[in-house]
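> Per this note's numbering, residue 595 is the first one in the sequence shown, and the count goes up by one each step.
Cβ atoms here follow ideal geometry from the backbone N, Cα and C, with glycine treated the same way.
Please see the structure below; I have some questions.
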Amino acid sequence: MADKIVLAYSGGLDTSVACKWLQEQRNYEVHCLTVDLGNLPDIDDARQRGLSAGAVEVDVVDAKEDFLRYFVFPALGANVVYEGRYPLATALGRPLIAKILVDKARAVGAVAVAHGCTGKGNDQVRLDVGVQTLAPDLRIVGTQRENQMSRDEALRYVARHGIAVRQTVASPYSTDENLWGRSIEAGVLEDPWVEPPEDVYAWTKPLDRTPATPTVVEIRFEEGVPVALDGEAADPVTLVQRLTTLGGEHGIGRVDMVENRLVGIKSREIYEAPAAVILLDAHRALEELTLSKQQVRWKNLVAQEYADLIYNGLWFTAHHRDLSEYVRSTQRHVTGDVRVRLWHGTVMILGRRAERSLYSKELATYSDADQFDQSHAQGFIRLHGLQAQVQAHRQLLRERTDLLHLAAPDD
Ligand code: ARG
C-alpha cells in the first residue's frame, strides 16, 4: 500500500499539479488539506479540482476564527509590522497551516506532508519549520522545490492529466490572501521602478474612485483585542471583514515595498490590508492613553523582534512564548474606544477614551482646573540637567566647537 501524504492544497494551479505529481512521481496516496483562513472564494470548486487531480479526499478546514484569535490578534497587541510596513498576513497564516497539516497527518496516519511553495521564498521556511518543530518524524516534500516546473510546464501537465484547472489564462501575479491581508508579487512588479498597475489591487479602491464623504467608525478594544464596532459586539471574523470592506472602499491599506526575505533576496511586494492598517492605528492610539512612556518604548523594541520572528517562521518557539507573554501582560489595561475617520486612503484618529486611561486632564490643562504644581518644575529641571551642566563646565566648554557640534567636516 502506498504511503500517505497530506498536501497543503489551495485549489490553484500549482497545488493541483503537486497533487498529481506526488502520486505519479512519488507514489503517495494524497490527502489534500485546504485551510480556510478567509481566502477561499469557492470551496466546492477547490474540492472538485483536488479530486480531479487524483486526491483520495479534499478536506477543508475552516480556521478563520482561530487564525484571528490566536495568531492575528496577539500580533495586533504587539503592533507587529515587518520592516515598518508589512502587517504580516501571509506570514501569520503559515504556522497555523503547519499545525493543521500535522493534525491531519496524525489523523490519517500519514508519513509525510507536502506543500507547493517555491524554493526561493519565506513560506517554505515557515511551513517546514512549523512541521519540523511540531512533528520531527514527518517527511516534508516541497513539490515545487523538487520539480521546479515552470508555469507553462504546469499548464501542459494539468492538460495532459485532465485536471480541471479553471483558470488556464495565467494570472500575471503571484498572490496570497487571508483575512488579514492580500500579498501580490511577480510580473511587472519585479521592476521596483514600475508603478503597480491598477489590476494588482482587488480589495482597495484607487483614490480617484473613493467616496467624497468619510466614514467614521468607533472601535472597541478589550485588553488589546478588538471586540465591537460602533457599539455593537462583533465576532472576530465579522469585525475584520467589515473593516476590510469599509477601509477598501476608502482606498486604505495599500502598501508597496521592497522587503528583505529570509533567504537573502530583496523582493518587491504589494500588500492590501485595510483592516490591519485601521486596527493597528487604532490600537496604537489606545495604547497612547493606557501605557506608560517606558512601556511604549519597550514594546516598540519587542514589536520589531516579534515581527522578525513571525516573518522568519519561528512561531513555535520559546522565544515567541516569552515575547507574547510580555505583550499580553502589557494589554491588561488596553480597554476602551477609538473613533476613526476613513477617507481618501487615510485613517485619522478622531478620538480615544479608556476606562483606566493614564491621561489626566487636571494635570494637562491650562485652565483654572489646573492641579499641576508648577513650583516643582524648577527644582526638577535643575536635577534633570545637572549631569549635562557639570560635564559642560568641566569638559565641553573648553572645546566650544565640540559642544555646539560645529566642528568642520575635515577637522
Ligand atoms: N512577502 C510576503 C511574505 O513573505 C508574502 C509572500 C507570499 N506572497 C505572494 N505573493 N505569493 O510574507
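Below 7 Å CB to CB, which residues in the same chain sit around residue 775 once its five sequence neighbours on both sides are set aside?
Here the question's residue 775 lines up with position 181 in the sequence shown. These residues qualify, in order along the chain: 681, 683, 865, 866, 867, 870.
> What is the DSSP secondary structure of residue 848, reduced to helix, strand or coil?
Working through the sequence shown from its first residue, we reach residue 848 at position 254. Note: residue 848 maps to strand in three-state DSSP.
> Kindly indicate the opening and closing residues of the beta strand (DSSP E) around residue 800.
The count along the sequence shown starts at 1 and reaches residue 800 at position 206. Looking at the DSSP string, residue 800 is not in any beta strand (DSSP E), and its letter there is neither H nor E.
> Taking 8 Å as the limit between beta carbons, can you name the residues of its chain near residue 815, skipping five residues before and five after?
By one-based count along the sequence shown, residue 815 stands at place 221. The residues are 821, 876, 877, 880, 928, 929, 930, 931, 932.
> Using the C-alpha atoms, what's the distance from residue 608 back to residue 742?
The count along the sequence shown starts at 1 and reaches residue 742 at position 148. The count along the sequence shown starts at 1 and reaches residue 608 at position 14. Looking at the two C-alpha atoms, the distance is approximately 11 Å.
> With a threshold of 6 Å on Cβ separation, who are the neighbours of residue 845 within its own chain once the five nearest residues in sequence on each side are excluded?
As a position in the sequence shown, residue 845 is number 251, starting the count at 1. Hits under 6 Å: 798, 799, 801, 804, 939.
> Mind checking residue 611: buried by the 16 CB within 10 Å criterion, or exposed?
Within the sequence shown, the letter at position 17 stands for residue 611. Classification of residue 611: buried, given that the 10 Å Cβ count is 16 or more.
> With three or more C-beta pairs closer than 8 Å as the rule, is the segment 595-602 touching the segment 615-629?
A contact exists between the segment 615-629 and the segment 595-602.
> Using only the alpha-carbon positions, how far apart do residue 838 and residue 811 sit?
Stepping through the sequence shown from its first residue, residue 838 is reached at position 244. Stepping through the sequence shown from its first residue, residue 811 is reached at position 217. The alpha-carbon atoms of residue 838 and residue 811 are separated by roughly 13 Å.
> I'd like to know whether the C-beta atoms of residue 759 and residue 643 end up nearer to each other than 8 Å.
Position 165 of the sequence shown, counting from 1, holds the residue named residue 759. Position 49 of the sequence shown, counting from 1, holds the residue named residue 643. Yes, these two residues count as a Cβ contact at 8 Å.
> Between residue 591 and residue 885, which are expected to be in contact by the criterion C-beta below 8 Å, what is the C-beta distance as a whole number of angstroms?
For the chain, the structure presents residues 595 to 1005; residue 591 sits outside this window and is missing.
> Could you compute how far the alpha carbon of residue 631 sits from the alpha carbon of residue 658?
In the sequence shown, the residue the question calls residue 631 occupies position 37. In the sequence shown, the residue the question calls residue 658 occupies position 64. Looking at the two C-alpha atoms, the distance is approximately 5 Å.
> Name the one or two DSSP bridge partners that residue 768 has.
Here residue 768 corresponds to residue number 174 of the sequence shown, with the count starting at 1. Paired residue(s): 779.
> Mind checking whether residue 688 and residue 717 have CB atoms under 8 Å apart?
Along the sequence shown, one-based indexing puts residue 688 at 94. Along the sequence shown, one-based indexing puts residue 717 at 123. Yes, Cβ-Cβ distance for residue 688 and residue 717 is below 8 Å.
> Give me the Cα-Cα distance between residue 840 and residue 936, rounded to the nearest whole angstrom.
In the sequence shown, residue 840 corresponds to position 246, counting from 1. In the sequence shown, residue 936 corresponds to position 342, counting from 1. When rounded, the distance between both Cα atoms is 8 Å.
> Go ahead and label residue 961 buried or exposed: buried means 16 or more other beta carbons lie within 10 angstroms of its beta carbon, across all protein chains shown.
Residue 961 sits at position 367 when you count from the first residue of the sequence shown. It counts as exposed.
> When you compare only the Cα positions, how much space is there between residue 724 and residue 772?
The residue you call residue 724 lines up with position 130 of the sequence shown. The residue you call residue 772 lines up with position 178 of the sequence shown. When rounded, the distance between both Cα atoms is 18 Å.
> Taking residue 928 as part of the alpha helix (DSSP H), name the residues at either end of that continuous run.
Working through the sequence shown from its first residue, we reach residue 928 at position 334. Premise fails: residue 928 is in no alpha helix (DSSP H) and is neither H nor E.
> Would you mind stating whether residue 665 and residue 819 have Cβ atoms separated by less than 8 Å?
Start at 1 with the first residue of the sequence shown, and residue 665 comes out as number 71. Start at 1 with the first residue of the sequence shown, and residue 819 comes out as number 225. For residue 665 and residue 819, no; Cβs fall outside 8 Å.
> Relative to the alpha-carbon of residue 709, which residue among 702, 729, 735 has its alpha-carbon at the smallest distance?
Along the sequence shown, one-based indexing puts residue 709 at 115. For residue 709, the nearest C-alpha among the options comes from 735.
> May I have a chain-ordered list of the alpha helix (DSSP H) segments no shorter than 4 residues that lie completely inside the segment 916-989?
Fully enclosed alpha helix (DSSP H) runs of 4 or longer: 955-958, 969-978, 980-988.
> Here's the rule I'm using: 16 or more other beta-carbon atoms within 10 Å means buried, otherwise exposed. How should residue 661 be labelled?
Locating residue 661 in the sequence shown gives position 67, where the first residue counts as 1. Classification of residue 661: buried, given that the 10 Å Cβ count is 16 or more.
> Measuring straight from C-alpha to C-alpha, what distance separates residue 863 and residue 921?
Along the sequence shown, read from residue 1 onward, the residue named residue 863 stands at position 269. Along the sequence shown, read from residue 1 onward, the residue named residue 921 stands at position 327. Approximately 28 Å, taken between the alpha carbons.
> Sorted by chain position, which residues of the same chain lie with C-beta nearer than 7 Å to residue 859's C-beta, five sequence neighbours on each side aside?
Start at 1 with the first residue of the sequence shown, and residue 859 comes out as number 265. Cβ within range, chain order: 714.
> For residue 908 and residue 916, I'd like the C-alpha separation in whole angstroms.
Residue numbering aside, residue 908 sits at position 314 when the sequence shown is read from its first letter. Residue numbering aside, residue 916 sits at position 322 when the sequence shown is read from its first letter. Cα to Cα, residue 908 sits roughly 13 Å from residue 916.
> Helix, strand or coil: which one does DSSP assign to residue 613?
By 1-based counting over the sequence shown, the position of residue 613 is 19. Looking at residue 613 - three-state DSSP - the assignment turns out to be helix.
> How should residue 1015 be labelled, buried or exposed, when 16 other C-beta atoms within 10 angstroms of its C-beta is the threshold for buried?
Residue 1015 lies beyond the stretch modelled for the chain, which goes from 595 to 1005, so this question has no answer here.
> Could you check if residue 900 is buried or exposed, using at least 16 other CB atoms within 10 Å of its CB as the buried criterion?
Position 306 of the sequence shown, counted from the start, is the residue given in the question as residue 900. Looking at its Cβ environment, which holds 16 or more other Cβ atoms inside 10 Å, residue 900 is buried.
> Which residues bound the beta strand (DSSP E) around residue 624?
Translated into the one-based positions of the sequence shown, residue 624 becomes position 30. Run containing residue 624: 623-630, per the beta strand (DSSP E) assignment.
> On a CA-only basis, which of 918, 952, 850 is nearest residue 887? Give me that one, please.
On the sequence shown, position 293 is the one that residue 887 refers to. Ranking the options by Cα distance to residue 887, first place goes to 952.
> Sorted by chain position, which residues of the same chain lie with C-beta nearer than 7 Å to residue 791's C-beta, five sequence neighbours on each side aside?
As a first step, residue 791 must be located in the sequence shown, where it is residue number 197. For residue 791, where only same-chain residues beyond five positions count, the Cβ hits under 7 Å are 782.
> Tell me whether residue 824 is buried or exposed, calling it buried when 16 or more other Cβ atoms sit within 10 Å of its Cβ.
By one-based count along the sequence shown, residue 824 stands at place 230. Exposed: under 16 other Cβ atoms inside 10 Å.
> Kindly provide the chain-ordered list of residues whose Cβ lies closer than 5 Å to any non-hydrogen atom of the ligand ARG.
Residues with a Cβ closer than 5 Å to any heavy atom of the ligand ARG, in chain order: 684, 685, 716, 768, 770, 777, 779, 863.
> Smallest Cα separation from residue 655: which of 674, 638, 627?
Here residue 655 refers to the residue found at position 61 of the sequence shown. It is 627 whose Cα lies nearest to the Cα of residue 655.
> Ignoring anything shorter than 4 residues, give me the alpha helix (DSSP H) runs that lie fully in the segment 679-746, in order along the chain.
683-702, 717-728, 737-741, all fully within the segment 679-746.
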